[in-house]
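Each residue of the sequence shown is one higher than the one before, counting from 34 in the numbering used here.
The beta-carbon is built from N, C-alpha and C at its ideal position, and this holds for glycine as well.
Values in this document were obtained by computation on a predicted structure and should not be read as measured data.
The structure under discussion appears below in the form of structure tokens.
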Amino acid sequence: MFPRIAVFFGGPSTEKDISLDSCRTFYDAVRAYLDDQALRVYFLSEDLVPYRLSSDWLYSNTIGDFWPPADAGGDLGGRVLTRMDSIEACIVDADAVCSFVHGEFGEDGGFAAILERSGRNAYLGSGPEALALSFSKHRTIRWMADHGYLVPRQLLVSARDPDVSPDVSALCGPRDLPIVVKPDRGGSSDGVSIVPRAHLDAALRRASAYCPDVVVEELISGTEFSVVAIQDVDGTIIVFEPTEVIPKAPTGIENASPLYSRLQKYMPGSGATHTTPMSVDRGAIDAIRSQAERMFTEMGLRDWGRFDGFVRDGKDIVWTEVNGVPGYGVDGFLFQQSAIAGLSQKAMSLLLIERCLNRESKRLPELRDKAARRRRIAVLGGGSSSERHVSRMSWLNVIHKLSVSGANSVIRVFAGQDGRFHIVPAFISLQHTVEEIEHLIERPEGYLRAAGLWQRKTAGFSAWLRRCVDTENFLPRAVDVGQLKGLADFVFIALHGGFGEDGTLQSQLDALSMPYNGSGPRASKLCMDKHETASALASMRIPGFRAPTQSTLRVKDLIDSLRRAGVGDEERQRLIAAVRRQDYAAVRRDPAFGAFSAGVSAVAAKLAAAVGSDAGVVLKPIADGCSSGVLVSVAPFREVPIFVLAILAGTDLIPRAELWESARSSEGEFALRMPSEAQSELLVEENIPARYGRRDCIEITVAVFGLEERMVALIPSETPSDFAGLTVEEKFCKGIGRNLTPPPSIPAGRIDSIRARIAQFANRLGIGGYARIDAFYSVARDEVILIEVNTLPGLSMATVTFTQAAVTPGIHMRPSEFLEAIVSLGFDRARGSAAPANSATLAARS
34 MFPRIAVFFG GPSTEKDISL DSCRTFYDAV RAYLDDQALR VYFLSEDLVP
84 YRLSSDWLYS NTIGDFWPPA DAGGDLGGRV LTRMDSIEAC IVDADAVCSF
134 VHGEFGEDGG FAAILERSGR NAYLGSGPEA LALSFSKHRT IRWMADHGYL
184 VPRQLLVSAR DPDVSPDVSA LCGPRDLPIV VKPDRGGSSD GVSIVPRAHL
234 DAALRRASAY CPDVVVEELI SGTEFSVVAI QDVDGTIIVF EPTEVIPKAP
284 TGIENASPLY SRLQKYMPGS GATHTTPMSV DRGAIDAIRS QAERMFTEMG
334 LRDWGRFDGF VRDGKDIVWT EVNGVPGYGV DGFLFQQSAI AGLSQKAMSL
384 LLIERCLNRE SKRLPELRDK AARRRRIAVL GGGSSSERHV SRMSWLNVIH
434 KLSVSGANSV IRVFAGQDGR FHIVPAFISL QHTVEEIEHL IERPEGYLRA
484 AGLWQRKTAG FSAWLRRCVD TENFLPRAVD VGQLKGLADF VFIALHGGFG
534 EDGTLQSQLD ALSMPYNGSG PRASKLCMDK HETASALASM RIPGFRAPTQ
584 STLRVKDLID SLRRAGVGDE ERQRLIAAVR RQDYAAVRRD PAFGAFSAGV
634 SAVAAKLAAA VGSDAGVVLK PIADGCSSGV LVSVAPFREV PIFVLAILAG
684 TDLIPRAELW ESARSSEGEF ALRMPSEAQS ELLVEENIPA RYGRRDCIEI
734 TVAVFGLEER MVALIPSETP SDFAGLTVEE KFCKGIGRNL TPPPSIPAGR
784 IDSIRARIAQ FANRLGIGGY ARIDAFYSVA RDEVILIEVN TLPGLSMATV
834 TFTQAAVTPG IHMRPSEFLE AIVSLGFDRA RGSAAPANSA TLAARS
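Spelled out as structure tokens, the structure:
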């Protein structure tokens with residue numbers, strides 16, 4: 034009999050969306066090995082009311098996707114949200130309780146205290162006292178100092194305190210160095226600033242919005258790191274290989290200090306770099322691990338914990354923070370570090386459950402072998418397009434989901450920006466960015482030394498944990514497309530954009546008679562070109578579904594127009610050089626910028642007239658996706674010149690504040706991500722939201738699924754944006770953006786009609802397997818207006834496609850089953866199957 038596990042997430046803190054991600058990773062890692070009915074998921078609202086949750090909700094992008102519920106009954110699209118009487122009522126018959134509530138109530142010991150009062154000991158994590166100590170940054174630092182650890186100088190400032198200038202001046206030192214200001218209680222870098230003394234008041238106000246008590250701390254100069262410790266079933270503390278963290282200073286903010294912000298933590302490609310093992314001397318690494326192990330014991334922590342700090346002057350370990358409920362995201366520090374020791378997400382999750390059960394003399398049953406013969410699936414990710422960071426997220430998630438079922442043997446294949454393919458181990462696939470992966474492929478020596486060291490250390494694991502070692506560390510090896518034929522039975526393409534989505538790779542695999550996911554070469558090539566796709570839709574004349582009015586702009590013609598307007602090549606190159614330096618102040622000071630802006634704006638006005646728009650225009654690459662390089666402009670004179678300069682400069686991003694004057698200071702890190710390849714031509718479209726009005730114009734996304742010419746459109750989702758247009762961060766970053774399924778702004782009676790139009794379009798395009806179609810919907814006109822078609826849409830941890838697959842009648846698949854069904858469709862396509870794409874049989878097969 035399987036143990037009953039109660040799993041909690043949510044809570045009142047700003048980290049509740051990170052809590053959702055942690056819970057999702059845990060659930061996915063263990064559900065294939067435990068009875069589904071034994072896993073019960075509970076959401077805690079901001080006022081700590083528990084709700085029994087259909088597990089389908091775990092695949093939402095944010096808690097805002099389902100909370101507060103759109104109807105009083107709590108049943109949304111067949112997914113149930115049932116209010117419970119109390120937390121105690123949720124755990125009354127649970128064998129173990131696993132909380133992934135981050136921040137307030139979870140990390141401060143509040144949840145653990147309720148469990149203790151209920152007489153429960155089989156719960157994950159530390160007790161109330163240890164958590165309360167580690168949750169307060171000021172108490173933690175004082176405790177560390179009292180126990181002989183090096184810590185930064187620090188002040189605790191209350192919002193009610195009088196002037197603290199004299200004390201703060203002592204922290205700044207004689208050179209008025211920047212100082213760190215952060216809430217005393219909280220995480221994910223929310224409310225944290227690194228500022229000069231002159232900006233202290235603003236930083237205090239920002240931090241106090243998260244907590245009334247604020248910590249002001251000296252800025253440590255050194256190598257930042259984070260290290261995770263766990264306990265084996267026998268209580269032995271295992272401190273993993275620490276990870277070096279190299280944050281990036283916010284773009285466009287003069288003299289800003291690097292800060293490891295929420296965006297850099299959770300949105301790959303935002304600037305932060307992780308390096309495991311660290312680049313410091315091995316003696317410093319050993320000191321980190323030794324001190325963390327001692328601290329774990331002395332603080333009274335249990336099961337797991339994360340310790341953050343700096344290595345100063347190459348040898349001194351300065352500690353800054355302890356986290357009693359570490360993040361559990363699939364690509365977080367815990368799994369990056371445990372993979373070097375040969376432990377996967379499944380192994381770590383089962384260890385945590387086993388430790389909980391052992392405290393009440395229970396244990397997990399012997400693990401079941403799911404399949405005698407496993408399908409060999411090569412999963413491809415990375416690439417060279419601007420979507421490579423999103424591809425890395427999709428790649429890792431597909432690997433994770435296809436691995437945990439036990440039915441597949443997954444081969445991780447990474448496509449570098451140079452076009453070369455390499456088979457890589459789990460550890461390398463878990464890196465934070467594609468650049469980190471490429472570095473380890475080219476320079477694997479440090480990783481291999483650390484892996485060899487940990488291979489010897491596993492001999493000291495308990496017999497139970499040694500049986501869980503399931504991740505092999507090996508030297509990455511180069512392969513070409515032709516070699517995949519002998520290595521795998523199926524190729525799962527998790528590439529986005531470029532050669533992975535434009536039909537090139539599909540043609541190569543067809544020549545090898547190799548099954549793969551998604552559409553064939555013809556449909557892939559067509560849908561990659563937004564202009565050709567719109568033209569195809571226009572020719573279909575589907576009632577109630579139209580393409581946007583479009584025009585094209587050749588960059589060469591634009592440069593010629595600028596020359597005629599008096600902007601010479603020398604002036605243009607000077608402006609371009611300033612943009613490449615991200616020095617937009619210099620751009621605006623340059624006398625040539627006025628003429629440049631006038632010339633570009635005149636061209637923009639002509640283009641707006643060409644697409645029949647008097648309410649601004651949309652500029653975008655013809656063949657790129659994930660919102661890369663998409664400018665939704667309502668004030669072309671300000672926005673378009675800067676955008677065009679960035680296109681000419683080939684820069685990878687534009688700070689939002691440089692485009693939109695309304696950009697809030699809190700959006701300082703958000704940027705418009707730009708195409709990675711030089712653009713010779715841009716697409717110009719009418720600005721639909723500005724033309725129809727934002728209240729009437731709803732952005733939707735609809736996944737389609739099935740065999741070619743028999744595709745079914747899933748339940749649409751509404752995708753509201755807090756910006757001028759939907760951003761990369763809103764689509765893919767944890768805790769940012771919402772996907773509302775079904776769309777609350779669209780009358781329920783119209784959903785089937787919208788689905789029928791989308792399905793007709795997909796089938797006439799020749800799409801196969803699965804895809805995602807983005808569009809606007811005008812409620813007043815009952816009109817769908819195309820944005821783009823993605824033949825290989827994102828499959829990251831919380832992609833909206835998974836939500837739609839879970840709620841659509843006749844589909845009702847969770848992500849792992851949906852991915853298995855996509856694989857089955859690929860096999861059917863390769864066999865030329867004439868059988869109908871019946872979702873029930875696909876689900877049964879997978």
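If you draw a straight line from the alpha carbon of V745 to that of A792, how long is it in whole angstroms?
Reading the sequence shown from its first residue, position 712 is the one you call residue 745. Reading the sequence shown from its first residue, position 759 is the one you call residue 792. Cα to Cα, V745 sits roughly 6 angstroms from A792.
Validate contact between the region 120-131 and the region 389-396 using beta carbons, cut 8 angstroms, 3 pairs
yes
Buried/exposed call for R771, threshold 16 Cβ in 10 Å:
Here residue 771 is taken as the residue at index 738 of the sequence shown, counted from 1. The residue in question, R771, is buried, as its Cβ has 16 or more Cβ neighbours within 10 Å.
Could you compute how far the alpha carbon of I51 sits from the alpha carbon of F368?
The residue given as residue 51 occupies position 18 in the sequence shown. The residue given as residue 368 occupies position 335 in the sequence shown. So the alpha carbons of these two residues sit roughly 16 angstroms apart.
Alpha-carbon to alpha-carbon, V363 and F138:
If you number the sequence shown from 1, residue 138 lands on position 105. If you number the sequence shown from 1, residue 363 lands on position 330. Going from the Cα of F138 to the Cα of V363 covers about 23 angstroms.
Am I right that I655 and H529 are in contact with their C-beta atoms under 8 angstroms? What's the rounded C-beta distance?
Translated into the one-based positions of the sequence shown, residue 655 becomes position 622. Translated into the one-based positions of the sequence shown, residue 529 becomes position 496. No, I655 and H529 are not in contact; Cβ-Cβ is about 16 angstroms, not under 8 angstroms.
Quick check: D729 and V812, are their CB atoms within less than 9 angstroms of each other?
Reading the sequence shown from its first residue, position 696 is the one you call residue 729. Reading the sequence shown from its first residue, position 779 is the one you call residue 812. Yes.
Please state whether DSSP places C123 in a helix, a strand or coil.
Residue numbering aside, residue 123 sits at position 90 when the sequence shown is read from its first letter. Of the three classes helix, strand and coil, the one that applies to C123 here is helix, per DSSP.
Rounded to the nearest angstrom, what separates P775 and K434 at their Cα positions?
Position 742 of the sequence shown, counting from 1, holds the residue named residue 775. Position 401 of the sequence shown, counting from 1, holds the residue named residue 434. Approximately 25 angstroms between the Cα atoms of the pair.
State the CB to CB distance for the pair Y803 and A863, rounded to an integer number of angstroms; the pair is presumed to be in contact (CB under 8 angstroms).
Taking the first residue of the sequence shown as 1, we reach residue 803 at position 770. Taking the first residue of the sequence shown as 1, we reach residue 863 at position 830. Rounded, the Cβ-Cβ distance is 15 angstroms, inconsistent with contact.
Using 9 angstroms as the threshold, is the C-beta distance between N391 and C560 below it?
Locating residue 391 in the sequence shown gives position 358, counting from the first residue. Locating residue 560 in the sequence shown gives position 527, counting from the first residue. Taking 9 angstroms as the Cβ cut-off, N391 and C560 do not qualify as a contacting pair.
Output yes or no for whether 9 angstroms exceeds the beta carbon distance between A146 and G158.
For this step, residue 146 is matched to residue 113 along the sequence shown. For this step, residue 158 is matched to residue 125 along the sequence shown. In this structure, G158 does not lie closer than 9 angstroms to A146 by Cβ.
Drop a sphere of 10 angstroms on the beta-carbon of F447, count the other beta-carbons inside from all chains shown, and report buried for 16 or more, exposed for fewer.
Numbered from 1 along the sequence shown, position 414 holds the residue referred to as residue 447. Label assigned to F447: buried.
Answer yes or no: do I820 and L747 have a C-beta to C-beta separation smaller than 9 angstroms?
In the sequence shown, the residue the question calls residue 820 occupies position 787. In the sequence shown, the residue the question calls residue 747 occupies position 714. No; because the gap between Cβ atoms is not below 9 angstroms, this pair is not in contact.
Taking only three categories from DSSP, how would you classify L53?
To locate residue 53, count along the sequence shown from 1; it is residue 20. Helix.
Look at G342 and T353 and say whether their C-beta atoms are less than 9 angstroms apart.
The sequence position of residue 342 within the sequence shown is 309, counting from 1. The sequence position of residue 353 within the sequence shown is 320, counting from 1. For G342 and T353, yes; Cβs fall inside 9 angstroms.
Would you report the Cα separation of A556 and S418, rounded to the nearest angstrom?
Here residue 556 refers to the residue found at position 523 when the sequence shown is read from its first residue. Here residue 418 refers to the residue found at position 385 when the sequence shown is read from its first residue. So the alpha carbons of these two residues sit roughly 19 angstroms apart.
What number of angstroms, rounded off, separates the C-alpha of I687 from the C-alpha of V612?
In the sequence shown, the residue the question calls residue 687 occupies position 654. In the sequence shown, the residue the question calls residue 612 occupies position 579. So the alpha carbons of these two residues sit roughly 9 angstroms apart.
Reference S323, options A372, E277, S93 and I270, closest by Cα
Working through the sequence shown from its first residue, we reach residue 323 at position 290. For S323, the nearest C-alpha among the options comes from I270.
To the nearest angstrom, how far is it from the Cα of P275 to the Cα of E719?
Against the sequence shown, residue 275 aligns to sequence position 242. Against the sequence shown, residue 719 aligns to sequence position 686. If I take the Cα positions, the gap works out to 50 angstroms.
Given R315 as reference, the closest of E277, P291 and N506 once Cα atoms are compared:
Numbered from 1 along the sequence shown, position 282 holds the residue referred to as residue 315. That would be E277, whose Cα lies nearest to the Cα of R315.
Please go through the same chain and pick out, in chain order, the residues whose beta-carbon is closer than 8 angstroms to the beta-carbon of R579, but skip the five residues on each side of it.
Residue numbering aside, residue 579 sits at position 546 when the sequence shown is read from its first letter. If we look at R579 and ignore the five residues flanking it on each side, its Cβ neighbours are L570, A571, E816, V817, I818 and L819.
For S754, three-class secondary structure by DSSP
Locating residue 754 in the sequence shown gives position 721, where the first residue counts as 1. Coil at S754, not helix or strand.
Just the C-alpha distance for D61 and V437, rounded to the nearest angstrom, thanks.
Sequence index remark: in the sequence shown, residue 61 carries index 28 (1-based). Sequence index remark: in the sequence shown, residue 437 carries index 404 (1-based). Cα to Cα, the separation comes out at about 7 angstroms.
Under 8 angstroms: do the region 658-675 and the region 627-645 share three or more Cβ pairs, one atom per stretch?
yes
Which word fits A404, buried or exposed, when buried means at least 16 other C-beta atoms lie within 10 angstroms of its C-beta?
For the purposes of this step, residue 404 is taken as residue 371 along the sequence shown, with counting starting at 1. A caution first: A404 carries a pLDDT of 49, below 50, which makes its placement in the model unreliable, though a value can still be read off. A404 is exposed by the Cβ-count criterion.
Cα-Cα separation between T95 and L53, rounded to whole angstroms:
On the sequence shown, position 62 is the one that residue 95 refers to. On the sequence shown, position 20 is the one that residue 53 refers to. Approximately 7 angstroms between the Cα atoms of the pair.
At which residue ranges does the region 248-285 contain complete beta strand (DSSP E) runs of 3 or more residues, listed in the order of the chain?
256-264, 270-272 and 276-279
Burial state of R622 (16 or more Cβ within 10 Å):
Here residue 622 is taken as the residue at index 589 of the sequence shown, counted from 1. Exposed.
Quick test of the definition: if touching needs 3 or more C-beta pairs under 8 angstroms, does the region 228-240 touch the region 252-259?
no
Give the secondary structure of L692 by DSSP, where H, G and I count as helix, E and B as strand, and everything else as coil.
Within the sequence shown, numbered from 1, the residue matching residue 692 stands at position 659. Residue state, collapsed to three classes: helix.
Assuming L640 and S584 make a contact with CB atoms under 8 angstroms, what is their CB distance in whole Å?
For the purposes of this step, residue 640 is taken as residue 607 along the sequence shown, with counting starting at 1. For the purposes of this step, residue 584 is taken as residue 551 along the sequence shown, with counting starting at 1. The pair is a contact, with the Cβ atoms about 6 angstroms apart (cut-off 8 angstroms).
Kindly list the residues whose CB is nearer than 8 angstroms to the CB of D346, restricted to its own chain and excluding five residues on each side of it in sequence; keep chain order.
Taking the sequence shown and counting its residues from 1, one reaches residue 346 at position 313. Correct list, in chain order: G255.
Would you kindly work out how many angstroms separate the C-alpha atoms of A325 and D265, rounded to a whole number?
Taking the sequence shown and counting its residues from 1, one reaches residue 325 at position 292. Taking the sequence shown and counting its residues from 1, one reaches residue 265 at position 232. One C-alpha to the other measures close to 16 angstroms.
Rounded Cβ spacing between G779 and I731 (contact assumed at less than 8 angstroms)
Translated into the one-based positions of the sequence shown, residue 779 becomes position 746. Translated into the one-based positions of the sequence shown, residue 731 becomes position 698. At residue 779 the sequence reads Ile, which differs from the Gly that was named. Yes, I779 and I731 are in contact; Cβ-Cβ is about 6 angstroms, under 8 angstroms.
Quick test of the definition: if touching needs 3 or more C-beta pairs under 8 angstroms, does the region 536-555 touch the region 794-809?
yes
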